[in-house]
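What follows is a short report on a single structure.
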Amino acid sequence: MDPHPADGHDIIRVRGARENNLRGIDLDIPKRRLSVFTGVSGSGKSSLVFGTIAAESRRLIDETYSTFVQGFMPNLPRPEVDSLEGLTTAILVDQERMGANPRSTLGTVTDAYAMLRSLFSRLGTPYIGGPTAFSFNIPTTRASGVATGPKGEKKIVKDAVYLGGMCPECEGRGAVSDLDLTHIIDESRSLEDGAILAPGYTPDGWMVAAFKAVIPSDIPISRLTAEQREDLLHAEPRKVKIDKINVTYEGLIPKLRKSMFSKDPDSLQPHLKAFVERASVLRRCSACAGTRLNDSARSCTIAGRNIGEVSAMQVSDLADWLRSLDGADAVGSATDGATAEGASGDVATATLDVSGVQPLIAALLHLLDALVQIGLGYLSLDRPSGTLSGGEAQRTKMVRHLGSALTDVTYVFDEPTIGLHPHDIARMNSLLLELRDKGNTVLVVEHKPETIAIADHVVDMGPGAGSAGGEVVYQGDVAGLRQSGTLTGEHLAYTAALKDQVRTPTGSLPIRGANTHNLQDVDVDLPLGVLTVITGVAGSGKSSLIHSHLVNSDRAERAGVVTVDQSAIKGSRRSNPATYTGVLEPIRKAFAKANGVKPALFSANSEGACPTCKGAGVIITELGFMESVSTPCEDCGGRRYQAAVLDLRLGGLNIAEVLDLPVAEARPFFAAGEARTPAAEVVLGRLEDVGLGYLRLGQPLNTLSGGERQRVKLAMRMKDNGGVYVLDEPTTGLHLADVENLLRLLDRLVDAGRSVIVIEHHQAVMAHADWIIDLGPGAGHDGGRVVFEGTPAELVRQSSTLTGKHLAAYIG
Ligand code: ADP
Ligand code: ADP
Ligand code: ZN
Ligand code: ZN
1 MDPHPADGHD IIRVRGAREN NLRGIDLDIP KRRLSVFTGV SGSGKSSLVF
51 GTIAAESRRL IDETYSTFVQ GFMPNLPRPE VDSLEGLTTA ILVDQERMGA
101 NPRSTLGTVT DAYAMLRSLF SRLGTPYIGG PTAFSFNIPT TRASGVATGP
151 KGEKKIVKDA VYLGGMCPEC EGRGAVSDLD LTHIIDESRS LEDGAILAPG
201 YTPDGWMVAA FKAVIPSDIP ISRLTAEQRE DLLHAEPRKV KIDKINVTYE
251 GLIPKLRKSM FSKDPDSLQP HLKAFVERAS VLRRCSACAG TRLNDSARSC
301 TIAGRNIGEV SAMQVSDLAD WLRSLDGADA VGSATDGATA EGASGDVATA
351 TLDVSGVQPL IAALLHLLDA LVQIGLGYLS LDRPSGTLSG GEAQRTKMVR
401 HLGSALTDVT YVFDEPTIGL HPHDIARMNS LLLELRDKGN TVLVVEHKPE
451 TIAIADHVVD MGPGAGSAGG EVVYQGDVAG LRQSGTLTGE HLAYTAALKD
501 QVRTPTGSLP IRGANTHNLQ DVDVDLPLGV LTVITGVAGS GKSSLIHSHL
551 VNSDRAERAG VVTVDQSAIK GSRRSNPATY TGVLEPIRKA FAKANGVKPA
601 LFSANSEGAC PTCKGAGVII TELGFMESVS TPCEDCGGRR YQAAVLDLRL
651 GGLNIAEVLD LPVAEARPFF AAGEARTPAA EVVLGRLEDV GLGYLRLGQP
701 LNTLSGGERQ RVKLAMRMKD NGGVYVLDEP TTGLHLADVE NLLRLLDRLV
751 DAGRSVIVIE HHQAVMAHAD WIIDLGPGAG HDGGRVVFEG TPAELVRQSS
801 TLTGKHLAAY IG
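The sequence shown runs 1 to 812 under full-length UniProt numbering.
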């Protein structure tokens, strides 16, 4: 393939790109090809791919709306680029987690559930109504109007029952919220000693007075009689006299339900909201056994299974079951060899006539097969989409696009191999190529050598990060990259060696009989004082083991477990690395001292802030029908402070200029001279240690990638006296060269006496481990067991597991 075809229709032509750190770069990206963008983190890949190409495509699409609609939309700033030609519609497939809407499941977001509903309305017995009868988001209601019968005939009916499938008990959520008494009552205390833990219920306050008048107030709750206890907790409202005044007495639980738990949590004051969240537990709905569906929806079956049962099946099993309905494999066969025992063959399907629904079954199978192929066959359609990991969410979005009839689209992927074992990466690669072969342009930001290897075209950014990057250091094919002498080229050629010596554990944390999700009675000892890597294909049970049995277990506190994850950092839009790490504190004080003013002036949420954007630097426009958009504040030009504050300087810079410094420049600035601030320098040093030297102090936290957020947290928590550090895929967003720095950092933690446990797929990290715990052999019910524990050398020597085979090939 010629990467520079003469015909201008076949390239995306970028000229003079200067977004963020880009240095006026020019490049031609071949259309309908797979291009991989690589380079150390902070080199400018995202600024080019997302900030320039995808952003301009989106802006151009917005311009195609009518002026009426545009009136409601903010004017997106044009990216800093001289010219961009040959763009097509860009679709971003990122790792943004799916919203926590409890009504959304893997089935609803992929449309697989809608297809199942149609299938049940056509094939299910007894016939109970159209597809809506199986929707857990539609209630059953009674009304008059026009009804449509099963054959499409219309008739006027009075008082008709409109069938939805929603369980009336839990309103289709599958779970009901309940109160967790341990957070509401301290059984060991008496009412006088503050047994009621709910906010506002102080022992001497009027809220507790009624209880003290009715219930013995000087004995611990645990010693009350059954009747007294019932009266305290559950009594129906009744009139009682306190000090000759008539008041209504009501049990604590119904009282709390009315005053706090039945309210929209966001309408409560923060301390009440925190209490409600703490004291609420979700229990599976007993009326529908968690299926979200009402009785009539669940009474309808196909080949003996109702739609709730079918949705709870692992996707790979569901595909097998659908094929079994159809008799012999008439609709094509699964792309994945793994078939599940027991999914088919145990029900008589011979009498079922599926001829009328062939196209529907074929479409559903196509979707399910794509889910299997992309490595999600272990999920079930009833899985709440909010519980999918970032990588799983990204792959789910990808499946939605695989089915799309659109062509000549530019798909933009952000590290699609996240969460994928080397074994799964091969399958992901073939899907990327499939998208390309449908006539689309595929742009992928990726570091993994396995994906770089399949690129038609590679754009290597660098040479360094931040102001030391922003250039294209190589573009061309993969063979050329290996010869190019760039950092990426060098690392591609290099194969990791196993360590000569592994550390000896100083002890262990035993886990016994672990059964969460797919875990099958796992007994395992997590060694202490060493670097342990947990491996296994996606869905094998790594997170279930570590998160449920270590991080969120009772022992977490005793063992000093510190988790460093990629989840969003809570905070306002004004949060940035400076506020989050606390480094702004000493900096504000230094500014105040140098200028003889008070420190508060320099915090972006105080009187010193720009009044227009209130210190956010941006104006956020919420769009009802689209995601919200932020545009720089025109008043302060994004600098966040009032003009008067910007006149105050320290070491020649004002506060906005300091916040605009990358960590690596801020550190020497605060190390010596007029601005010398040792407390700031220490924190900046930690940020540099985790590979974030390129990050600007004031960059909003919500613009950081998951991997960057995790490293900011790691920098923060390194000073904690944690015993056990748990990290989930810390190599996310890291170039091979950055991975080496990360390994040195993890080594330092271990050498300082800590235990480090990482869930990782990166083979360089596996090779560097002292101990490996490999879960598998497959995903979902085919996984959940420890298939290997030992040193990397032993894993490679045995090569008995998928991980072992891949690692053996990697170290060559
Ligand atoms: P990569 O994708 O290669 O990791 P980025 O394009 O994210 O690199 O970052 C390149 C440079 O631009 C870095 O110095 C980064 O700190 C800076 N940068 C990225 N996004 C923003 C932003 N929204 N505001 C300010 N600076 C940014
Ligand atoms: P890994 O971390 O190895 O990718 P997980 O521990 O996330 O694997 O998943 C193991 C199994 O547990 C999978 O079958 C997955 O669908 C299931 N599982 C994980 N989290 C949940 C959850 N919140 N609800 C239901 N099932 C889950
Ligand atoms: Zn229910
Ligand atoms: Zn402003």
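Idealized CB from N, CA, C, for every residue including glycine. Please read these numbers as outputs of a predicted model, since none were measured by experiment.
query                                                                                                                                                                           : result
To which residues of the same chain is Ser-540 closer than 6 Å at the C-beta, ignoring the five residues directly before and after it?                                          : Leu-775, Gly-776, Ala-779, Gly-783
Which one or two residues does DSSP pair with Pro-131 in a beta bridge?                                                                                                         : DSSP lists no partner for Pro-131.
Please list the segments of the beta strand (DSSP E) lying wholly inside the stretch 20-64, counting only runs of 3 or more residues, in order along the chain.                 : 25-30, 34-38
Kindly indicate which residue of Leu-692, Glu-557, Pro-505 has the alpha-carbon position closest to the one of Gly-790.                                                         : Pro-505
May I ask you to check if the CB of Gly-780 is nearer than 8 Å to at least one heavy atom of ligand 5?                                                                          : This structure lacks ligand 5; its bound ligands are ligand 1, ligand 2, ligand 3 and ligand 4.
If you measure from the CB of Tyr-378, is any heavy atom of ligand 2 nearer than 8 Å?                                                                                           : yes
Which same chain residues end up closer than 6 Å to Val-502 when comparing Cβ atoms and leaving out the 5 residues on each side of it in sequence?                              : Asp-770, Thr-791
Taking the runs of the beta strand (DSSP E) that are 3 residues or longer, which of them lie wholly in the stretch 750-807?                                                     : 755-759, 771-776, 785-790
Got a sec: does ligand 1 put a non-hydrogen atom nearer than 8 Å to the Cβ of Lys-45?                                                                                           : yes
Give the range of the alpha helix (DSSP H) segment to which Met-115 is assigned.                                                                                                : 112-123
Give me, in chain order, the residues of the same chain whose beta-carbon lies closer than 6 Å to that of Thr-803; leave out the 5 immediate sequence neighbours on both sides. : Thr-535, Asp-774
Within 10 angstroms of the Cβ of Arg-785, are there 16 or more other Cβ atoms? Answer buried if so, exposed if not.                                                             : buried
Does the Cβ-Cβ distance between residue 816 and Val-93 come in under 9 Å?                                                                                                       : Examination of residue 816 is not possible in this model, given that the chain is present from 1 through 812 alone.
I'd like the span of the beta strand (DSSP E) that includes Lys-448, first residue to last.                                                                                     : No beta strand (DSSP E) holds Lys-448; DSSP gives it neither H nor E.
At a cut-off of 8 Å, is Thr-621 close to ligand 4 when judged by its beta-carbon and the heavy atoms of the ligand?                                                             : no
Measuring alpha carbon to alpha carbon, tell me which residue in Pro-216, Asp-635, Val-690, Ala-594 is nearest Leu-650.                                                         : Ala-594
State yes or no: is the C-beta of Leu-443 within less than 9 Å of the C-beta of Ser-35?                                                                                         : yes
Taking 9 Å as the threshold (C-beta atoms), are Pro-730 and Arg-717 in contact?                                                                                                 : no
Could you tell me which of Gly-464, Ala-793, Lys-713, Thr-105 sits nearest to Lys-499, measuring between CA atoms?                                                              : Ala-793
For the alpha helix (DSSP H) containing Ser-296, list its first residue and its last residue.                                                                                   : 295-299
Do you know offhand how far Glu-434's Cα is from Ala-426's?                                                                                                                     : 13 Å
Starting from residue 813, trace the beta strand (DSSP E) both ways and give me its first and last residue.                                                                     : Outside the displayed range of the chain (1 to 812) lies residue 813, so it cannot be described from this structure.
Quick check: is any heavy atom of ligand 4 less than 8 Å from the C-beta of Arg-32?                                                                                             : no
Would you kindly report the start and end of the unbroken alpha helix (DSSP H) that includes Asn-595?                                                                           : 584-595
In terms of DSSP beta bridges, what is Asp-10 paired with?                                                                                                                      : Answer by DSSP bridge pairing: none, since Asp-10 is not bridged.
At a cut of 8 Å, does the stretch 355-372 reach the stretch 114-133 through at least three beta carbon pairs?                                                                   : yes
Just the residues with CB closer than 5 Å to a heavy atom of ligand 4, in chain order, which are they?                                                                          : Cys-610, Thr-612, Cys-613, Cys-633, Asp-635, Cys-636
Arg-558 lies in the alpha helix (DSSP H); which residues open and close that run?                                                                                               : 555-558
What is the C-beta distance between Ala-465 and Arg-482, in whole angstroms, given that I count them as a contact (C-beta under 8 Å)?                                           : Not quite, the Cβ-Cβ distance comes to about 23 Å (not below 8 Å), so this is no contact.
Could you name the residues, in chain order, whose CB is less than 5 Å away from a heavy atom belonging to ligand 3?                                                            : Cys-167, Glu-169, Cys-170, Cys-285, Ala-287, Cys-288
Per DSSP, what kind of secondary structure is Arg-649 in: helix, strand or coil?                                                                                                : strand
Any contact between the stretch 732-745 and the stretch 512-519? By contact I mean 3 or more CB pairs, one from each, below 8 Å.                                                : no
Per DSSP, which residues does Tyr-641 bridge with? Please list them.                                                                                                            : Ala-609
At a cut of 8 Å, does the stretch 39-56 reach the stretch 744-759 through at least three beta carbon pairs?                                                                     : no
Count the other CB atoms, across all protein chains shown, that sit within 10 Å of the CB of Gln-314; report buried if there are 16 or more and exposed otherwise.              : buried
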